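Here is the structure we will look at.
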Amino acid sequence: MAVFIRQLTGIRFVAAFWVLLYHLQDPLDRIGVMDIPVLSDVIRVGRLGVDLFFALSGFIITHTYLRRLGPRLAVGATVEFWWLRLARVYPVHFVMLNVAGIAIVAQTWVTGVTKDRPWLTVGDYLRNVLLIQEWGPHPDRGWNVVAWSLSMEWLAYLIFPLLVLVLFALHKRMPTAVLVLAWFVALTPLLWRGSLTLDPYYTDLWGSVIRVLTEFTAGAITYLIVIRLIPSGATEPTPRIERIATVVSMLMPIVVVAGAVFLGNWTTAQSPITLTDPEAEPLPPFFHLWLVPPLIIWIGALALSRRGQARWFGTDAMILGGVVSYSLYMTHLVWFGVWRAGTNALGLESGPLYAVAIVIAIVGSFGIAWLMWRIVEEPCRRFMRKAVGVRPVAPEETTADPDARNVNDR
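Heads up, the sequence shown is in our numbering, so the first residue is 162 and it goes up one at a time.
Now the structure itself:
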């Protein structure tokens, strides 16, 4: 079953690049890209790349640890699981947390402009160090802003050793119909929260916690459903299931794009809030969390497909993109801040030269991500795994990458 790791690794690149474009909306708007129908609507909901990450994480981690941690709670296995998750995500987080802090101090020193940053405190720094900065009903994001999702992932990792007991019981005892029902139940709080028009970012009122726990759980249940659709003792779905999965994998992106266009042009979905800070994140339309279920179905369909998109996502180029996707996600916003300071200093605000500068911003983000993966992420991950007597590369990781790079879990 591990063959699906290749195409699901490719999805990680899509998720990270979607978020990257979302954070480039203002520059893209200056060169007319945000005037292009459909494309602009899809970019406006690019924060859904994080939701795609959450669900994909639940799917892959359940694949990797369902039998290792189930069916009963074991302290040693649980602690090892937490350590290995930290090995995967913490080094890059810690480096970027401090880089962001240095960049903020440098910006203030160079420009002489002091902004109100209530989160720029020792206490908030320590909360970021402990990865608990997003916990609570009203989180105040700062430092390396994108690390909010990592804080949520860490919460999911802490809960997973208990969740996996439920997943194991569902896997062994419940029929597929019950799994499908459980999938809908898991997403109900998300759809309820996504139907409120209080905050277009769905951050307040425990919005971030609801997002990660529902999507992570739904991704995990999706894995249970997927393995039910593969005959016992087989490693591939039947030709009929594979054909259906391929069709579904093509339909779900269309549903998401159509939904994004609908929300982008639906008056009720537009937020009345006006942002005057050019560095602030542009407002997405309300109700965009409604698009999460088809994204999760897309993950399951791609796992069962061997043609079309699945084959394309499994190419070496997409695998490489998936490999560096975590570093891309964690570094791009700080890099964009540096890039923005550079364009302001040069007086670039629009026109052909500004368009070239945007290309440089995107290409530079990938270069920085690759360096971060090569110099920090991968060496530290291997070191931390070896420190507890675990082989540097997990067996399932070799399926996705012949060079044994880490690509199977985020």
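Idealized CB from N, CA, C, for every residue including glycine.
Being a predicted model, the structure only gives us computed values, none of them experimental.
Whether residue i touches residue j by CB criterion (7 angstroms)
i           : j           : result
residue 432 : residue 466 : no
residue 211 : residue 369 : no
residue 474 : residue 171 : yes
residue 257 : residue 491 : yes
residue 540 : residue 547 : no
residue 366 : residue 445 : no
residue 357 : residue 209 : no
residue 392 : residue 371 : no
residue 516 : residue 192 : yes
residue 457 : residue 216 : yes
CA-to-CA distance, residue j to residue i, given in whole angstroms
i           : j           : result
residue 568 : residue 249 : With a pLDDT of only 34 at residue 568, under the threshold of 50, the placement of this residue in the model should not be trusted, and no figure is reported.
residue 173 : residue 486 : 6 angstroms
residue 513 : residue 200 : 20 angstroms
residue 221 : residue 307 : 21 angstroms
residue 195 : residue 251 : 35 angstroms
residue 263 : residue 303 : 13 angstroms
residue 528 : residue 489 : 9 angstroms
residue 320 : residue 281 : 29 angstroms
residue 377 : residue 508 : 44 angstroms
residue 265 : residue 285 : 15 angstroms
residue 261 : residue 305 : 5 angstroms
residue 362 : residue 382 : 26 angstroms
residue 259 : residue 405 : 47 angstroms
residue 240 : residue 511 : 52 angstroms
residue 532 : residue 235 : 37 angstroms
residue 481 : residue 538 : 14 angstroms
residue 437 : residue 544 : With a pLDDT of only 49 at residue 437, under 50, the local geometry of the prediction cannot be trusted, and no value is derived from it.
residue 202 : residue 232 : 44 angstroms
residue 180 : residue 204 : 8 angstroms
residue 333 : residue 340 : 11 angstroms
residue 289 : residue 283 : 10 angstroms
residue 296 : residue 278 : 19 angstroms
residue 190 : residue 384 : 39 angstroms
residue 504 : residue 428 : 34 angstroms
residue 352 : residue 430 : 15 angstroms
residue 519 : residue 542 : 32 angstroms
residue 331 : residue 394 : 19 angstroms
residue 530 : residue 338 : 42 angstroms
residue 468 : residue 342 : 28 angstroms
residue 549 : residue 536 : 21 angstroms
Cβ distance (whole Å) where residue i is taken to contact residue j below 8 angstroms
i           : j           : result
residue 328 : residue 223 : 6 angstroms
residue 390 : residue 398 : 6 angstroms
residue 355 : residue 448 : 6 angstroms
residue 573 : residue 218 : No answer is possible for residue 573: the residues shown for the chain start at 162 and end at 571.
residue 455 : residue 422 : Not quite, the Cβ-Cβ distance comes to about 14 angstroms (not below 8 angstroms), so this is no contact.
residue 461 : residue 402 : Not a contact, Cβ separation roughly 11 angstroms.
residue 484 : residue 534 : 7 angstroms
residue 373 : residue 317 : 5 angstroms
residue 292 : residue 315 : 4 angstroms
Candidates the options: closest to residue i by CA position
i           : options               : result
residue 414 : 470, 429, 301 and 331 : 470
residue 254 : 515, 412 and 494      : 494
residue 497 : 419, 176, 182 and 169 : 182
residue 506 : 544, 268, 282 and 534 : 268
residue 450 : 375, 168, 479 and 198 : 375
residue 336 : 294, 278, 204 and 388 : 388
residue 396 : 178, 464 and 334      : 464
residue 360 : 300, 478, 315 and 502 : 300
residue 178 : 333, 231, 479 and 550 : 479
residue 412 : 459, 502, 330 and 279 : 459
residue 364 : 231, 394, 472 and 294 : 294
residue 551 : 231, 238 and 290      : 238
residue 169 : 428, 338 and 472      : 472
residue 270 : 476, 502, 549 and 190 : 502
residue 167 : 296, 476 and 338      : 476
Proximity test, residue i beta-carbon vs the ligand FAD heavy atom, cut-off 6 angstroms
i           : result
residue 417 : By its list of ligands, the structure shown contains no ligand whatsoever, and the ligand FAD lies outside what it can speak to.
Closer than 7 angstroms to chain C by CB, residue i
i           : result
residue 265 : The structure shown contains no chain C; it holds only a single protein chain.
Query - Segment contact flag, the segment 227-238 with the segment 314-330, C-beta cutoff 8 angstroms, min 3 pairs - result: yes
Requested in this report: Answer yes if the segment 180-199 comes into contact with the segment 332-350, meaning at least three C-beta pairs across the two stretches below 8 angstroms, and no otherwise.
Outcome: no
Report task. Check whether the segment 518-525 touches the segment 239-247, counting contact only when three or more Cβ pairs, one atom from each stretch, lie closer than 8 angstroms. Result -> Contact between the segment 518-525 and the segment 239-247 is absent, because fewer than three Cβ pairs lie under 8 angstroms.
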